[in-house]
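Participant: Everything in the sequence shown is counted per numbering that gives the first Met the number 0, starting at 0 for the first residue and increasing by one.
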Amino acid sequence: MKNTLSLLLLLCSFACQAYNQQSVYDFDIKHWGSAEGLSNNSVRSVSQDAQGYIWLATQYGLNRFDGMQFEHFNKETHRHLASNAITRLFSDSRGYMWVGTKAGLSGFDPVSLTFERYQILSEVTAIVEVSPGEIWVAADSLFRVRDGKVSRVEQIRSQVGQLELVNNKVWVTSTDKLFRIDIEGNTESFPLPAELMQTPIYDLYWTDNGLHIAGEAGFYHLDKSGDVKKCDLPDNNSTAVYKLLKDSRGNSWISAHRKLFHRHNGQKWQHITGDELGSYPWFSDIFEDKDHNIWLASFSDGIYRASVGNIRRIVPATADPVVRSLGVTPDNTLLIAGQSDVGELGVDGSYRSLLSTAQLGASTVHDVYWPDNQQLWLATDQGVLRYQRGQPELQSQFASLNGYTVRVLQPDDADGVWIGGVMGLFHYQNQTLTPFSLNSELESRHITVLQQQRQTLIFGTTRGLYQYESGRLTRLGVGSALYNSYITALQILPDNTVIAATLDDGIFVELPQQTQWLQWHAGNGLPHSPVVSLAFDANSDKLWVSSNKGIFRLDKAQLAALGQGAVQADEILGPYDRQLGTVPGRCCNGAGQAKVVRWQDQYWYPTLKGLVAVPVQLDQQQRSSLRPVIKSVQGLRNYHVDGLQSRLVLDLDDRNLSVQYSALEFIKPAALQFRYRLQGFDQHWHDVGDRREAVYTNLTPGRFVFQVQTRFDNGPWLDEQSAELDIVVPKRFDETFIYRGLWALLALFCLYGLLWLLRRNTVNQQLQLERLVRQRTQELENSNLKLNELNEQLTLLTHKDSLTGLRNRRFMFEQLPKDIEHFQRNRESMQSQGKCVALIHLDLDNFKQV
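(1) Please determine, among Gln454, Ser92, Phe551, the residue with the shortest C-alpha to C-alpha distance to Pro614.
(2) From Thr555 to Val497, what distance separates their C-alpha atoms?
(3) Between Arg151 and Pro668, what straight-line distance do the alpha-carbon atoms span, to the nearest angstrom?
(4) Entirely within the stretch 664–692 and at least 3 residues each: give me those beta strand (DSSP E) ranges in chain order.
(5) Please give the ranges of any alpha helix (DSSP H) in the stretch 210–296, keeping only runs that are unbroken, at least 4 residues long and fully inside the region.
(6) Taking DSSP's pairing of strands, which residues face Leu104 in a bridge?
(7) How many Å lie between Asp222 and Leu210 at the Cα?
(8) Put Ile126 into one of helix, strand or coil per three-state DSSP.
(9) Just list the residues that DSSP pairs Lys74 with in beta bridges.
(10) Hey, how far is the Cα of Gln832 from the Cα of Leu779?
(11) Keeping to the same chain, check which residues put their C-beta closer than 7 Å to that of Ile839; ignore five residues upstream and five downstream.
(12) Quick check: the stretch 590–607 against the stretch 479–490, are there 3 or more CB pairs under 8 Å?
(13) If we count the other Cβ atoms within 10 Å of its Cβ and call it buried at 16 or more, is Met196 buried or exposed?
(14) Does the beta-carbon of Cys587 have 16 or more other beta-carbons within 10 angstroms, so that it is buried, or is it exposed?
(15) From Ser545 to Ser324, what does the alpha carbon distance come to, in whole angstroms?
(16) Could you tell me the alpha carbon to alpha carbon distance between Ile310 and Leu572, rounded to whole angstroms?
(17) How big is the Cα-Cα spacing for Ile819 and Val836?
(18) Give me whichever residues DSSP pairs with Gln512 in a beta bridge.
(19) Among Val687, Leu162, Asn825, which one has its Cα closest to the Cα of Val707?
(20) What's the call for Pro192, buried or exposed, on a 16-neighbour Cβ count within 10 Å?
(21) Looking at C-beta atoms only, is the number of pairs between the stretch 27–34 and the stretch 81–97 that lie closer than 8 Å three or more?
(22) Report yes if the CB atom of Gly459 is closer than 9 Å to the CB atom of Val448, and no otherwise.
(23) Who are the Cβ neighbours of Gln50 in its own chain at under 6 Å, not counting the five residues just before and after it?
(24) Any idea if Val127 is buried or exposed, counting beta-carbon neighbours within 10 angstroms, 16 or more meaning buried?
(25) Taking the CB atoms as reference points, tell me whether Thr328 and His365 lie closer together than 9 Å.
(26) Figure out for me which residue from Asp330, Phe397, Gly348 has the closest Cα to the Cα of Arg388.
(27) In the DSSP assignment, find the alpha helix (DSSP H) that holds Leu359 and state where it starts and stops.
(28) Answer with buried or exposed for Val628, where buried requires no fewer than 16 other C-beta atoms within 10 angstroms of its C-beta.
(29) May I have the straight-line CA-CA distance separating Gly505 from Val307, to the nearest angstrom?
(30) Pull up the distance between the alpha-carbon of Trp294 and that of Ala413, whole angstroms please.
(31) Would you mind working out which of Val45, Gln767, Val169, Phe705 sits nearest Trp684, comparing C-alpha positions?
(32) For Val321, which residues from the same chain have a beta carbon less than 7 Å from its beta carbon, with the 5 sequence-adjacent residues on both sides left out?
(33) Tell me the DSSP secondary structure of Phe748 in three-state form.
(34) Sorted by chain position, which residues of the same chain lie with C-beta nearer than 7 Å to Ser90's C-beta, five sequence neighbours on each side aside?
(35) Helix, strand or coil: how does DSSP classify Lys608 here?
(36) Consult DSSP for Leu815 and reduce its assignment to one of helix, strand or coil.
Have a look at this one:
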């Protein structure tokens, strides 16, 4: 992004006539162009939707702007957009956005981003809303669009250019007349002067003074008699005028050819020319948003944003813009010690030089002291120099300090003055300069700051902070980082609270009746460092702090909370506020004494670009609530998220997501910090700085809550400054319980089938085994039977004679013992029966004959 608009660098001729004259240069102005993402540098119209986005009409499509990023909408991506050459934007009372182009009229819903095309085919030059649901459009002819239907306003048949709605009556310009038509169709006409006929008219604007006309021929006004009269511009010249506006603060704006005129309410006109800008932007549109920021649309240089800042900056025309030290003179003027001169600013805003470059030389003024109304002492790099009003030359006050840097000139509450520098601490009293008796006990003799309250003297050096009381010197901050710190500023409050600012370690606070030093640093809320000045306003009980990057303040009661956690300061001027074209982060200057002064109920600070003045009783404007917005979710396709949407269901196969988020902040967008988390996936917040995208991969099915929070640098994380979106990752069929149940059922069937097969196989094997056993048993039985038969046959063969068939001798030898044994066992029984055993042996010879 370009730096702050260079128009803030130079003052117009009115700027220093009185220091209380508000200047257009007090506006904080920023610029964006194609280098920052704008689709085209030719911006023709500006509008704002209900969500707070700024919409820009360019020559290559629409742009939606959140303060940091531009989103592009063109005919190639949205076919219902009539043309890429946008000429007019208008947001109606229902929040619908009308888009006039060179090829006709379109419209879209800013929430859903759905476009529609309307049957108007000519270039649109003006759009007004005459009633809810009805707009009139100037596109060569005058058209009425009611509830989406287009019709022609028949009362005016000529070619029309611009429209303005006033008290339910529409003012219409044609090529030669000015018409006023009411809703019922009653028409009045007013002739245009010859120089306005057949020439482009760019704007109609109604104020309490009547109707004003801006055109190529100049600036015109419709008087009470109905005549159109030409008016001179504030610079008494006549040139093309493009846009007129009176904002909600009563400030007037006129955009002319190569010029911008501005007038604060009740004050004089101020203007900026192309010579002062270094370029020649012509502003085609001037628009005030809901936060009262002024947007300037340039024909060729992009878009500018102007907002009222908290500070005023004064750069006396003849003074060195690099200011080193400040003081209040006995005459109640503001003493300004610049890099190369010294002067004073009067209450009336007049500036008078006291010392020129030739008189001051190359010395830098670190502090000032007025011994009397006519005499001024300057603490410089060359010692203490004395200036006497009316005398042209500077004199050395102390010869012993010549050539040595002196940083402190502080009146002694008792008598005399304390003088501190690189040679240590000195005391001047009764025309005598006396070195501090304990200089030898200082680790560093380089005195940077000094404060005294009653009998207590506290002074800072480049190596620590010291307290001198009752003849005793004590080094403060033992055991803390303060002990060896470079002290840049010091303040003792009425209740004896001691506040010391350091170069690298923040601010240290010692509360009354306590010995522990509390430290305020970047980790617990210090907005920026190093701190160069401290000032305390007893009426409001506020501590004002300045650094090289800005100004902030806090309530004194907040100091006690440093021991408990973060302390939130009220930022007045931050490193992202680019007033007057200064480099970001270059307010305020120097360190130590004379770096802030209270004058005319304002705190004045030295800077590299003049003086900064802040009202002591500054009542900061209530800023709109800072809330992040979730813009879209990118997966396999882009999911648009509108401001009212709280739930998003993804497509079945989306598992890798990129969430785009932002915050609608147009003043300090670069100061925003973000953090996010996905509940159900993340365990902790992701602090991502200014990154505006969250990426997640391999999400599992389920419900997640995406949360994003935003804050300014060093601000607290607040639940109010958050947004969230329920993201549902649906389950595919293969991830459902039914699918898993079917697989389980199939597995059971398979297992059952396997078991059945195993059992069947076992049964078959058993049957086969039984069959085999039976077969083998049968075979064995058959074998036994055959064997028995064979045995019987064998037995028969062994007991009978094979020739005769009679029992043989073997049988007798085997059977006879058995029979005898049987008889003997049963002898008594057989004898009782009259039985006996008889053995008859017949031996037959020649048995063959028998």
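Just so it is clear, CB atoms sit at the ideal spot from N, CA and C, and this is done for glycine as well.
Predicted model only: the values in this text are computed from it and were never measured.
Facilitator: If we stick to the structure as given:
(1) As a position in the sequence shown, residue 614 is number 615, starting the count at 1. If you compare the alpha carbons of Gln454, Ser92, Phe551 with that of Pro614, the shortest gap goes to Phe551.
(2) Reading the sequence shown from its first residue, position 556 is the one you call residue 555. Reading the sequence shown from its first residue, position 498 is the one you call residue 497. It is Lys, not Thr, that sits at residue 555 in the sequence shown. Whole-angstrom Cα-Cα distance: 12 Å.
(3) Numbered from 1 along the sequence shown, position 152 holds the residue referred to as residue 151. Numbered from 1 along the sequence shown, position 669 holds the residue referred to as residue 668. One C-alpha to the other measures close to 44 Å.
(4) 671–678, 685–688
(5) Listed in chain order, the complete alpha helix (DSSP H) runs (minimum 4 residues) inside the stretch 210–296 are 273–276.
(6) If you number the sequence shown from 1, residue 104 lands on position 105. Gly99, per the DSSP bridge assignment.
(7) Position 223 of the sequence shown, counted from the first residue, corresponds to residue 222. Position 211 of the sequence shown, counted from the first residue, corresponds to residue 210. Near 8 Å, if we compare the C-alpha coordinates of Leu210 and Asp222.
(8) Residue numbering aside, residue 126 sits at position 127 when the sequence shown is read from its first letter. Three-state result, Ile126: strand.
(9) Locating residue 74 in the sequence shown gives position 75, counting from the first residue. Note: Lys74 sits in no beta bridge, so no partner.
(10) Translated into the one-based positions of the sequence shown, residue 832 becomes position 833. Translated into the one-based positions of the sequence shown, residue 779 becomes position 780. Rounded to the nearest whole angstrom, the CA to CA distance from Gln832 to Leu779 is 46 Å.
(11) Here residue 839 corresponds to residue number 840 of the sequence shown, with the count starting at 1. Nothing listed; no residue qualifies.
(12) Counting Cβ pairs under 8 Å, three or more are found: they touch.
(13) Within the sequence shown, the letter at position 197 stands for residue 196. The residue is exposed, with fewer than 16 neighbouring Cβ atoms inside 10 Å.
(14) Locating residue 587 in the sequence shown gives position 588, where the first residue counts as 1. Its Cβ being crowded by 16 or more others within 10 Å, Cys587 is buried.
(15) Here residue 545 is taken as the residue at index 546 of the sequence shown, counted from 1. Here residue 324 is taken as the residue at index 325 of the sequence shown, counted from 1. Straight-line Cα distance between these residues: approximately 14 Å.
(16) Stepping through the sequence shown from its first residue, residue 310 is reached at position 311. Stepping through the sequence shown from its first residue, residue 572 is reached at position 573. Roughly 7 Å separates the two Cα atoms.
(17) For the purposes of this step, residue 819 is taken as the residue at position 820 of the sequence shown. For the purposes of this step, residue 836 is taken as the residue at position 837 of the sequence shown. C-alpha separation (whole angstroms): 8 Å.
(18) Position 513 of the sequence shown, counted from the start, is the residue given in the question as residue 512. Its beta-bridge partners do not exist; DSSP assigns none.
(19) Taking the first residue of the sequence shown as position 1, residue 707 is located at position 708. For the residues Val687, Leu162, Asn825, the minimum Cα distance to Val707 belongs to Val687.
(20) Counting from 1 along the sequence shown, the entry for residue 192 is found at position 193. Its Cβ having fewer than 16 others within 10 Å, Pro192 is exposed.
(21) no
(22) Walking along the sequence shown from the start, residue 459 turns up at place 460. Walking along the sequence shown from the start, residue 448 turns up at place 449. For Gly459 and Val448, yes; Cβs fall inside 9 Å.
(23) Here residue 50 is taken as the residue at index 51 of the sequence shown, counted from 1. Excluding sequence neighbours, Gln50 sits near Gly642.
(24) Translated into the one-based positions of the sequence shown, residue 127 becomes position 128. That one is buried.
(25) Here residue 328 refers to the residue found at position 329 when the sequence shown is read from its first residue. Here residue 365 refers to the residue found at position 366 when the sequence shown is read from its first residue. For the 9 Å CB-CB criterion, Thr328 and His365 do not form a contact.
(26) Within the sequence shown, the letter at position 389 stands for residue 388. That would be Asp330, whose Cα lies nearest to the Cα of Arg388.
(27) Position 360 of the sequence shown holds residue 359. First-last of the alpha helix (DSSP H) with Leu359: 356–359.
(28) Your numbering for residue 628 matches position 629 in the sequence shown. Buried, since its Cβ has 16 or more Cβ neighbours within 10 Å.
(29) Position 506 of the sequence shown, counted from the first residue, corresponds to residue 505. Position 308 of the sequence shown, counted from the first residue, corresponds to residue 307. So the alpha carbons of these two residues sit roughly 30 Å apart.
(30) Your numbering for residue 294 matches position 295 in the sequence shown. Your numbering for residue 413 matches position 414 in the sequence shown. So the two alpha carbons sit approximately 57 Å from each other.
(31) As a first step, residue 684 must be located in the sequence shown, where it is residue number 685. The shortest Cα separation from Trp684 among Val45, Gln767, Val169, Phe705 belongs to Phe705.
(32) In the sequence shown, counting from the first residue as 1, residue 321 sits at position 322. Hits under 7 Å: Gly337, Gln338, Leu607.
(33) Residue mapping note: residue 748 aligns to position 749 of the sequence shown, counting from 1. In this structure, Phe748 counts as helix in the three-state DSSP scheme.
(34) Here residue 90 corresponds to residue number 91 of the sequence shown, with the count starting at 1. So the qualifying residues of the chain are Ser46, Gln47, Asp48, Met96.
(35) Taking the first residue of the sequence shown as position 1, residue 608 is located at position 609. In the structure shown, Lys608 sits in coil (DSSP, three-state: anything other than H, G, I, E or B).
(36) Within the sequence shown, the letter at position 816 stands for residue 815. Secondary structure at Leu815: helix, using DSSP grouped into helix, strand and coil.
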